[in-house]
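Encoded as structure tokens, the structure appears first; notes follow it.
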């Protein structure tokens, strides 16, 4: 929490008229001090424009990734091979929609509406995680996404729970809890397949072969090529470098793959005693850049489906808005009636 | 989501197996249809809401099917003609208005039926007591959207009108007696009509005219006669499970 002094100094609308330039300097100093002291910046606090813009960009990209990420998994809801797995998968996809909601709300605290961000997603001006531009070809991909993609996401996101911006950090606490649940479910799905019939085992191995490298790319370009890293580290939006997090992820996955009875598709993967970490092979950054540019297997499909859902739903959102408009004037009466109805229904249900 | 313990596969036929299948198949099939919306809903809140309803229904289906046998064998290995669900719940999603009309018709029916079963002391009382609370939310969700679509814009009014009309002929089947359930079906029919009519009127929609069932197939779903889209739905749902006979998932 920011101290009282910081908060007063960082909240322009609560101050009386004063020398604006002097105030700006004071605000910036208070902001820097708060960040340095690991205090949280809150929506009403003063913050540099670039800090706000960086957060909006990052939170939006994260929110977009949640809602686009529903697609490759929803691809298997209707084919889930047991009712238990179907329930788990539906709950997971629902969680992702929920994460999208928290994150768009976090972005709203920075003064950017969900509509504005969706518009940027649909027009290609904002991105989502490139991992979702890969297809889910078999049931085992659902497990591989849980284990590797959610695993990589958690490695990236756990440090965000300590991010300097309060609403984002708090949203991430909840998201990380749910993500780690998804990760365990994915792992358990793969374990079941790996120990199942030879065909199931092969299906699991094939999925891991296809998802391993794209998962490593989720940590972003190598540190010396990362555009946004340095400033984000200073602002404590980001706390570890891309390469550090990637290494952490590899070290976690290697023993898990052994337990799964599956191999990771990297001949150069081996323990390095001296470093105390696993060495791993060169990532194909050409593929990464191609997918980022829009040339991945599913870029077109994902964004087309998203736009279609949005466009086909326009009449529904318009209807809800028109209804709200018509009934605002009658609000008091209407709400009273609805409450009475619901009360009657609850009574009946409990009986 | 609670795990249900699977009963032994070979089990003595119990008097209520037919009822467990009828109610379980309704929940299973509607849950599947709602699951098809994931990632396609008109607004993010509806991706959450429709998935939530689908999950409630799937939970009910698992309990009910387990009362009749092995849930996965029943869901994945029966042929189309062995399913006992209403034709209403297998109807394709259509646009959002069709999905909401289907939800309005079915959740109103399901709430009345479960409230009735919960009040009794039969085999389904426990399940129904829990489910009726979930279904009350489903009904509220459907009613709130019926009002917004019916009394929203000209476009939404027309779409909702068409949807209510198109699905009307699948509603009569809901009140056909189900073997093993001691229910006042005529009472449920009257309460259903009253409730649905009131919502439609508030939504500035007319209560559809015309028969509540097709000439050929009154009560047909309960006898295992389904509509053409159902076979395709099952083909998709069962394909993976059937491709690996005997495998565990």
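Chains as they are written, first to last, in full-length UniProt numbering: chain A, 1 to 351; chain B, 1 to 249. Here a beta-carbon is modelled for each residue, glycine too, at the ideal position from N, C-alpha and C.
Open item on the list: Can you confirm whether the segment 107-119 of chain A touches the segment 51-67 of chain A when touching is taken to mean that 3 or more C-beta pairs between the two stretches lie within less than 8 Å?
Closed with: The segment 51-67 of chain A and the segment 107-119 of chain A touch, with no fewer than 3 CB-CB distances between them shorter than 8 Å.
TODO: Note down, in chain order, each residue of its chain lying with its Cβ closer than 6 Å to the Cβ of residue 260(A), except the 5 sequence neighbours on either side.
DONE: Sequence-distant Cβ neighbours of residue 260(A) in its own chain, meaning closer than 6 Å and more than five residues away, are 190, 191 and 194.
Open item on the list: Could you compute how far the alpha carbon of residue 246(A) sits from the alpha carbon of residue 162(B)?
Closed with: When rounded, the separation of the alpha-carbon atoms in residue 246(A) and residue 162(B) is 54 Å.
TODO: Indicate whether at least one CB of chain A lies closer than 9 Å to the CB of residue 179(B).
DONE: Output row for residue 179(B): interface = no.
Open item on the list: In the DSSP output, what is residue 270(A) paired with across the bridge?
Closed with: Residue pairing by DSSP places residue 270(A) opposite 279(A) in a beta bridge.
- [ ] Could you check the C-alpha separation between residue 39(A) and residue 160(A) for me, to the nearest Å?
- [x] So the two alpha carbons sit approximately 14 Å from each other.
TODO: With DSSP as the reference, please indicate the residues paired to residue 165(A) in a beta bridge.
DONE: Per DSSP, 41(A).
Open item on the list: Any beta carbon of chain B sitting closer than 9 Å to that of residue 113(A)?
Closed with: Contact with chain B is absent for residue 113(A), since none of that chain's Cβ atoms lies less than 9 Å from the residue's Cβ.
Open item on the list: So for residue 170(B), helix, strand or coil by DSSP?
Closed with: In the three-state reduction of the DSSP assignment, residue 170(B) falls in the coil class, being assigned neither a helical nor a strand state.
TODO: Taking only beta-carbon positions, decide if residue 226(B) is within less than 9 Å of chain A.
DONE: No, no contact with chain A.
Open item on the list: I'd like to know if residue 249(B) contacts chain A, where contact means its C-beta is closer than 9 Å to some C-beta of that chain.
Closed with: Chain A contact via Cβ: present.
Open item on the list: Does the segment 285-303 of chain A come into contact with the segment 118-134 of chain B, if we say contact requires no fewer than three beta-carbon pairs (one atom in each stretch) closer than 8 Å?
Closed with: Touching, no.
TODO: Would you identify the three-state DSSP class for residue 224(B), choosing helix, strand or coil?
DONE: For residue 224(B), the three-state secondary structure derived from DSSP is coil.
TODO: Grab me the residues of residue 241(B)'s own chain with a C-beta within less than 6 Å of its C-beta, minus the 5 sequence neighbours each way, in chain order.
DONE: Close CB contacts of residue 241(B) within its chain, under the 6 Å cut and outside five residues either way in sequence, are with 76 (chain order).
- [ ] Could you pull the start and end residues of the alpha helix (DSSP H) that residue 263(A) belongs to?
- [x] Where residue 263(A) is concerned, there is no enclosing alpha helix (DSSP H), given that its DSSP letter is neither H nor E.
TODO: Identify the contact partners of residue 87(A) in chain B, using a Cβ-Cβ distance below 8 Å as the criterion.
DONE: 1, 55, 58, 59 and 62, listed in chain order.
TODO: Check whether the Cβ atoms of residue 60(A) and residue 117(A) sit closer than 9 Å, and answer yes or no.
DONE: Yes, they are a contact pair.
Open item on the list: Would the segment 130-149 of chain A count as touching the segment 71-91 of chain B if we require 3 or more Cβ pairs under 8 Å?
Closed with: Verdict: no, contact absent.
Open item on the list: Report the CB separation of residue 88(B) from residue 167(B) in whole angstroms; it is logged as a contact under 8 Å.
Closed with: 7 Å between Cβ atoms; contact.
Task: Close Cβ partners of residue 242(A) (< 8 Å) along its chain, the five nearest in sequence each way excluded - done: Excluding sequence neighbours, residue 242(A) sits near 219, 220, 221, 222, 223, 226 and 229.
Task: Backbone CA spacing between residue 90(A) and residue 193(B) [nearest angstrom] - done: About 33 Å.
Task: From 222(B), 156(B), 158(B) and 157(B), residue whose alpha carbon lies closest to that of residue 180(B) - done: Minimum Cα distance to residue 180(B) is reached at 222(B).
TODO: Measure from the alpha carbon of residue 142(A) to the alpha carbon of each residue in 92(A), 156(A) and 30(A), then state which is nearest.
DONE: The residue with the shortest Cα to Cα distance from residue 142(A) is 92(A).
Task: Expected contact under 8 Å - CB spacing of residue 191(B) and residue 112(B) to nearest Å - done: That belief holds up - the Cβ atoms of residue 191(B) and residue 112(B) are roughly 5 Å apart, short of 8 Å.
TODO: Taking C-beta pairs closer than 7 Å, name the residues in chain C that residue 67(A) reaches, listed in chain order.
DONE: Although the question refers to chain C, the structure presented lacks it and instead comprises the protein chains A and B.
Task: Simplified DSSP state of residue 16(B), which is helix, strand or coil - done: Looking at residue 16(B) - three-state DSSP - the assignment turns out to be coil, as it is neither helix nor strand.
- [ ] Throw me the rounded Cβ distance for the residue 262(A) and residue 253(A) pair, which I believe falls under 8 Å.
- [x] The beta carbons of residue 262(A) and residue 253(A) sit about 10 Å from each other, so the pair does not count as a contact at 8 Å.
- [ ] List the whole-angstrom C-beta distance separating residue 152(B) from residue 165(A), where the pair is believed to meet the contact cut-off of C-beta under 8 Å.
- [x] That pair is no contact at about 37 Å.
- [ ] Tell me, please, whether the CB atom of residue 303(A) is closer than 9 Å to any CB atom in chain B?
- [x] Using a Cβ-Cβ cut-off of 9 Å, residue 303(A) does not count as an interface residue toward chain B, since no Cβ of chain B sits closer than that to its own.
Open item on the list: Does chain B have any CB closer than 9 Å to the CB of residue 177(A)?
Closed with: By this cut-off, residue 177(A) is not an interface position.
TODO: Tell me, please, whether the CB atom of residue 326(A) is closer than 9 Å to any CB atom in chain B?
DONE: Yes, its Cβ sits closer than 9 Å to a Cβ of chain B.
- [ ] Would you mind working out which of 25(B), 203(B), 53(B) and 29(B) sits nearest residue 150(B), comparing C-alpha positions?
- [x] Checking every option, the nearest Cα to that of residue 150(B) belongs to 203(B).
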